[in-house]
Ligand code: HEM
Ligand SMILES: N[C@@H](CC(=O)c1ccccc1NC=O)C(=O)O
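Residue numbers (full-length UniProt numbering): 1 to 284.
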């Protein structure tokens, strides 16, 4: 900290200015942020002018995935402790991160097939399909899949982190357990379900949300339902934006990971997140 009241008024080009005195070693900024590490991780494989934007966009999205996973895991812990305020605070932070994530498409949203082809061959079989942090997000949403976990077996550290998320209850499982402890009749079959199986819509859970949505409009449980709906919508918007970017850059060619490409992604994007929160709307 600089306590000299006149320091900011002096021209910073002056060699004696306190703001421009050299640091010893790395700056405190770099020590904290590791900007020099982050900014040394861009290694395009071609001279194609659009590759850097594609690489940085992907890296930026990975960082947002990390933050979203962090917030959902915090929310899950808070629900387990019946701390609705802490859980909602984490979910609100995750909603802002999701909004930023979705804004991150901009640099690559209008790649032409020729621009994308300029570097596509260079990354071989690499694909966002192999993103462990994206898969962690899906597992937290309840989208469990032993096959998607198995794909990471070759990388033990990554596999173990994902395997833990696979074995643990999802964020939505913890929300339903919380609502049950709040006195709402979440069916036993849901509370005692095998949490490693993918979550699918349950009529008894639609009933719980119907009770909440038909009740007082300023109840905290309804605010929770709306916050989860915002999150579900933003995840679905990310998936549909991805579909549009893919359609524009490569049409219906097969994907680099070996999927059918567009048709496969369209099917995945159509899966509802927190299904009962969408079904209940037709019942209120
Ligand atoms: C021009 C841009 C992009 C194209 C053409 C593209 C294309 C594809 C395709 C075809 C797939 C299907 C899997 C395969 O067979 O490869 C896929 C999956 C995926 N991509 Fe991209 N992608 C693009 C940008 C991104 C970016 C920036 C991210 C951010 C990390 C990303 C994340 C993912 C994820 C997470 C999946 C798996 C989706 C799932 O499992 O449902 N993609 N992408
Ligand atoms: N699946 C894409 C490749 C791809 O998207 C990708 C390749 C390397 C690093 C990140 C990627 N991002 C997202 O899928 C394709 O089929 O071309």
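All C-beta atoms, glycine included, are put in the ideal place defined by N, C-alpha and C.
Practice task
Using only the heavy atoms of ligand 2, determine whether one of them is closer than 7 Å to the beta carbon of residue 119.
Solution key: In the chain shown, residue 119 corresponds to position 119, counting from 1. Not so, every heavy atom of ligand 2 lies at least 7 Å from the Cβ.
Problem - Span of the alpha helix (DSSP H) around residue 39 - result: By 1-based counting over the chain shown, the position of residue 39 is 39. Segment: none, residue 39 is in no alpha helix (DSSP H) and carries neither H nor E.
Problem - Sequence-distant residues of the same chain with beta carbon closer than 8 Å to residue 71, five excluded per side - result: Here residue 71 refers to the residue found at position 71 when the chain shown is read from its first residue. 90, 91, 93, 94, 97, listed in sequence order.
Problem - Inter-stretch contact (C-beta, 8 Å, three-pair minimum) for the region 242-252 and the region 275-283 - result: no
Practice task
Measure the CB-CB distance between residue 196 and residue 144 and report whether it falls below 8 Å.
Solution key: Here residue 196 refers to the residue found at position 196 of the chain shown. Here residue 144 refers to the residue found at position 144 of the chain shown. Contact flag set, yes.
Exercise for the section: Check whether the Cβ of residue 58 sits closer than 7 Å to any heavy atom of ligand 2, and report yes or no. Expected result: On the chain shown, position 58 is the one that residue 58 refers to. Yes - ligand 2 has a heavy atom lying nearer than 7 Å to the Cβ of residue 58.
Problem - Through-space distance from residue 27 to residue 21, alpha-carbon basis - result: Reading the chain shown from its first residue, position 21 is the one you call residue 21. Reading the chain shown from its first residue, position 27 is the one you call residue 27. For residue 21 and residue 27, the distance between alpha carbons rounds to 11 Å.
Exercise for the section: Sort 160, 151, 179 by Cα distance to residue 258 and report the nearest one. Expected result: Residue mapping note: residue 258 aligns to position 258 of the chain shown, counting from 1. Comparing Cα positions, the closest option is 151.
Practice task
Pick out the complete alpha helix (DSSP H) segments inside the region 171-224, 4 residues or longer, and give them in chain order.
Solution key: 171-181, 188-191, 203-214
Problem - Near ligand 2: residue 157 beta-carbon under 7 Å from a heavy atom - result: On the chain shown, residue 157 is found 157 positions in, with the first residue counted as 1. Not under cutoff, so the answer is no.
Practice task
Check residue 124 in the structure and name its three-state DSSP category.
Solution key: On the chain shown, residue 124 is found 124 positions in, with the first residue counted as 1. In this structure, residue 124 counts as coil in the three-state DSSP scheme.
Practice task
Please go through the same chain and pick out, in chain order, the residues whose beta-carbon is closer than 8 Å to the beta-carbon of residue 136, but skip the five residues on each side of it.
Solution key: In the chain shown, counting from the first residue as 1, residue 136 sits at position 136. Closer than 8 Å at Cβ, skipping near neighbours: 65, 69, 161, 162, 165.
Problem - Own chain residues within Cβ distance below 7 Å of residue 260, not counting five before or after - result: Here residue 260 is taken as the residue at index 260 of the chain shown, counted from 1. Answer for residue 260: 254, listed in chain order.
Exercise for the section: Consult DSSP for residue 12 and reduce its assignment to one of helix, strand or coil. Expected result: Here residue 12 refers to the residue found at position 12 when the chain shown is read from its first residue. Three-state result, residue 12: coil.
Problem - residue 89: first and last residue of the uninterrupted alpha helix (DSSP H) it sits in - result: Looking up residue 89 in the chain shown gives position 89. Note, residue 89: alpha helix (DSSP H), 84-103.
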